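Asker: Following this message is one structure expressed as structure tokens.
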Amino acid sequence: MRGNSEGMLGIGKKDRELDAAVKELAKADTLAFGGVGIASTLLPETEAFRHVERALDEHPAEARKKVDWLLSHGSPAGRAYAATLLDRVDPEAGRAAWTRLRDDEREFTTFSGCVMGRATLREYATERLAGN
1 MRGNSEGMLG IGKKDRELDA AVKELAKADT LAFGGVGIAS TLLPETEAFR HVERALDEHP
61 AEARKKVDWL LSHGSPAGRA YAATLLDRVD PEAGRAAWTR LRDDEREFTT FSGCVMGRAT
121 LREYATERLA GN
């Protein structure tokens with residue numbers, strides 16, 4: 001029988017959306033968890049983070065594989081997003097991810113509201129491990 005490859009539940013679409021979100025995070029150069037700037041604009045990577053976060057709730061096994069891939073293959077900001085996601089669903093795995101990242105000197109941009117900054121993965125991971 002011919003038909004769409006998504007099946008009756010639209011799983012293929014969800015997979016493609018998750019893949020697109022992970023790809024967005026993999027190339028991210030900015031870490032922001034909320035709106036940025038005076039207009040409180042959501043960056044594409046923030047929207048992608050939220051999508052992957054929802055996917056971890058909705059279909060954890062598949063989403064977890066993608067987050068694990070992101071931790072190994074993402075940009076510095078992408079790896080920080082991956083470790084944050086892991087921290088939220090599996091604190092032990094999150095701590096292991098931050099521990100792994102604390103030797104990485106590569107930099108990325110951070111945003112907290114209107115305040116833009118720069119951090120290395122080492123600095124950011126060390127802060128997370130200290131509970132900040």
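For what it's worth, UniProt numbering labels the leading residue of the sequence shown as 1, then goes sequentially. We put the CB at the ideal spot given by N, CA and C, even for glycine. As the structure is a prediction and not an experimental result, all values here were calculated from the model.
(1) Tell whether a beta-carbon distance below 8 Å holds between Ala77 and Asp29.
(2) When DSSP labels each residue in this structure, what does Ala28 get in the three-state scheme?
(3) Go through the region 70-125 residue by residue and report every complete run of the beta strand (DSSP E) that reaches 3 residues or more, in order.
(4) Could you tell me the alpha carbon to alpha carbon distance between Asp68 and Cys114, rounded to whole angstroms?
(5) Figure out for me which residue from Phe108, Thr41, Lys13, Asp57 has the closest Cα to the Cα of Leu85.
(6) Would you mind sorting Lys66 into buried or exposed? The rule is 16 or more other CB atoms within 10 Å of its CB.
(7) Starting from Thr41 and walking both ways along the alpha helix (DSSP H), at which residues does that stretch end?
(8) Just how far apart, CA to CA, sit Ala130 and Asp87?
(9) Can you tell which of Thr110, Ala96, Leu121, Thr120 has the C-alpha that lies nearest to the C-alpha of Gly37?
(10) Could you name the residues of the same chain whose beta carbon sits closer than 6 Å to that of Leu42, not counting the 5 residues immediately before and after it, in chain order?
(11) Compute the Euclidean distance between the alpha carbons of Ala21 and Ser75, then round it to the nearest angstrom.
(12) Between the Cα of Met116 and those of Asp104, Ser40, Glu24, Val89, spot the shortest distance and give me the residue it belongs to.
Answerer: In brief:
(1) Taking the first residue of the sequence shown as 1, we reach residue 77 at position 77. Taking the first residue of the sequence shown as 1, we reach residue 29 at position 29. Result yes, Cβ atoms of Ala77 and Asp29 sit closer than 8 Å.
(2) For the purposes of this step, residue 28 is taken as residue 28 along the sequence shown, with counting starting at 1. The answer is coil: DSSP assigns Ala28 none of H, G, I, E or B.
(3) 107-112, 115-120
(4) Position 68 of the sequence shown holds residue 68. Position 114 of the sequence shown holds residue 114. Taking the straight line joining both Cα atoms gives about 30 Å.
(5) The sequence position of residue 85 within the sequence shown is 85, counting from 1. Residue Asp57 is the option with its Cα nearest to Leu85.
(6) As a position in the sequence shown, residue 66 is number 66, starting the count at 1. Looking at its Cβ environment, which holds 16 or more other Cβ atoms inside 10 Å, Lys66 is buried.
(7) Numbered from 1 along the sequence shown, position 41 holds the residue referred to as residue 41. Looking at the DSSP string, Thr41 is not in any alpha helix (DSSP H), and its letter there is neither H nor E.
(8) By 1-based counting over the sequence shown, the position of residue 130 is 130. By 1-based counting over the sequence shown, the position of residue 87 is 87. The straight-line gap from Cα to Cα measures roughly 13 Å.
(9) Locating residue 37 in the sequence shown gives position 37, where the first residue counts as 1. Among Thr110, Ala96, Leu121, Thr120, the Cα nearest to that of Gly37 is on Thr110.
(10) Locating residue 42 in the sequence shown gives position 42, counting from the first residue. Around Leu42: Gly35.
(11) Translated into positions along the sequence shown, residue 21 becomes position 21. Translated into positions along the sequence shown, residue 75 becomes position 75. Approximately 14 Å between the Cα atoms of the pair.
(12) In the sequence shown, counting from the first residue as 1, residue 116 sits at position 116. Met116 has its Cα closest to that of Ser40, out of Asp104, Ser40, Glu24, Val89.
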